[in-house]
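**Q** Quick note: the sequence shown, position 37, residue 46 per the numbering used here, numbers continuous. Every residue, glycine too, gets a C-beta built ideally from N, C-alpha and C. Since this is a predicted model, take the numbers as computed values, not measurements.
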Amino acid sequence: MTKQSMAQYVYEKLKAGILSQKLNPGQKLIENDISDTLGVSRTPIRNAFSKLQEEGIVTILPNKGAHVINPAIEEIIEAFTFRKHLELIATEHIMERIEEKDIEKLKELIHEEIETYDQKDLAGYIDINTQFHKILVNISDNRFLKEQAKKMIHQTHIYLILYDQFYVVNKKDSRGPKEHQEIVNLIESRDADAFKLLLDKHISSTIEEYRTRVNTYQQASDLF
């Protein structure tokens, strides 16, 4: 196995641990233990850390090593609030601009989103959720607004990886697909006011859910 492939192997193992929520927020990633467990040297481990840091899910501090990020609730609230404002502005004229092919794609994504619950595929769920919201913000003709909105969608999905109850919630009780379907219904009926209210609620509800979850992970024990 080449150095590059070894680094990719470590990266995939660590990311799988984070996506499966076995590696918790704030958890230290100990090089020696990872090396012993996976049978690799320090170099690919550090390369994997760097890649995870670039994605925003690991932080590397001098003399403290690598840790899964452990954002404060204030950071999460600020990020979701900023995202909500961006999406509401980006979708202001969605009723006039959205095309039928976009609506059909949104419907298709909802069906795929439901399937991810059956498959317990959090990575797939995040990808579909990202696609859904990007279709909405792409309606805007302001490229800077779209770029910032997409950046915040990515940022808030990092918090979703850490704190969402994807693995324990039943798909029948999951809020995401239901509200996504309601959003599409309102687009089809061209109810702009109700759409705006629901999109606001859709994102704001996540903030309230996370308020009760963040402190649960503050004292996470090491996996390795």
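Which same chain residues, not among the five before or five after Val19, have their C-beta less than 8 Å away from its C-beta?
**A** Ile43, Leu47, Val49, Pro53, Ile54, Asn56 and Ala57
**Q** At what residues does the beta strand (DSSP E) containing Ala1 begin and finish?
**A** Residue 1 lies beyond the range of the chain shown here (10 to 233); nothing can be said about it.
**Q** Across which residues does DSSP place Leu38 in a beta bridge pair?
**A** In the DSSP output, where bridge partners are listed per residue, Leu38 has Ala75.
**Q** Is the Cβ-Cβ distance between Ile192 and Ile112 less than 8 Å?
**A** no
**Q** Could you have a look at Thr68 and say whether DSSP puts it in helix, strand or coil?
**A** strand
**Q** How should Gln227 be labelled, buried or exposed, when 16 other C-beta atoms within 10 angstroms of its C-beta is the threshold for buried?
**A** Only weak support exists for where Gln227 lies, its pLDDT of 42 falling under 50; the value from the coordinates is given anyway. Exposed, by the Cβ-count rule.
**Q** Along the chain, where does the alpha helix (DSSP H) containing Arg220 start, and where does it finish?
**A** Ala201 to Arg220
**Q** Asp150 to Asn41, Cα distance in whole Å?
**A** 50 Å
**Q** Checking 8 Å against the spacing of the C-beta atoms, do Ser213 and Lys93 come in under that value?
**A** yes
**Q** Curious, which full-length alpha helix (DSSP H) runs of at least 4 residues does the stretch 130-195 contain?
**A** 131-146 and 152-172
**Q** Evaluate contact between the stretch 173-180 and the stretch 92-110, counting only Cβ atoms and requiring at least three cross-stretch pairs below 8 Å.
**A** no
**Q** Output the distance between the C-alpha atoms of Leu118 and Gln140, rounded to the nearest integer angstrom.
**A** 8 Å
**Q** Would you tell me roughly how many angstroms separate the C-alpha atoms of Leu115 and Ala25, rounded to the nearest one?
**A** 27 Å
**Q** So, are the CB atoms of Met161 and Phe91 less than 8 Å apart?
**A** yes
**Q** Go through its chain and collect everything with a Cβ distance to Thr68's Cβ below 6 Å, but skip five positions before and after it.
**A** His76 and Ile78
**Q** Mapping the DSSP letters down to three states, classify Gln128 as helix, strand or coil.
**A** helix
**Q** Using CA coordinates, which residue listed in Gly65, Asn72, Gly74 and Lys73 is at the minimum distance from Pro80?
**A** When only C-alpha atoms are compared, the closest one is Gly65.
**Q** Please confirm if Leu208 has its CB atom under 8 Å from at least one CB of chain E.
**A** Note that chain E does not occur in the displayed structure, where there is just one protein chain.
**Q** Specify, as a first and last residue, the run of the alpha helix (DSSP H) that Glu84 falls within.
**A** Judged by DSSP secondary structure, Glu84 falls within the alpha helix (DSSP H) whose first and last residues are Ile82 to Ala99.
**Q** Here's the rule I'm using: 16 or more other beta-carbon atoms within 10 Å means buried, otherwise exposed. How should Pro34 be labelled?
**A** buried
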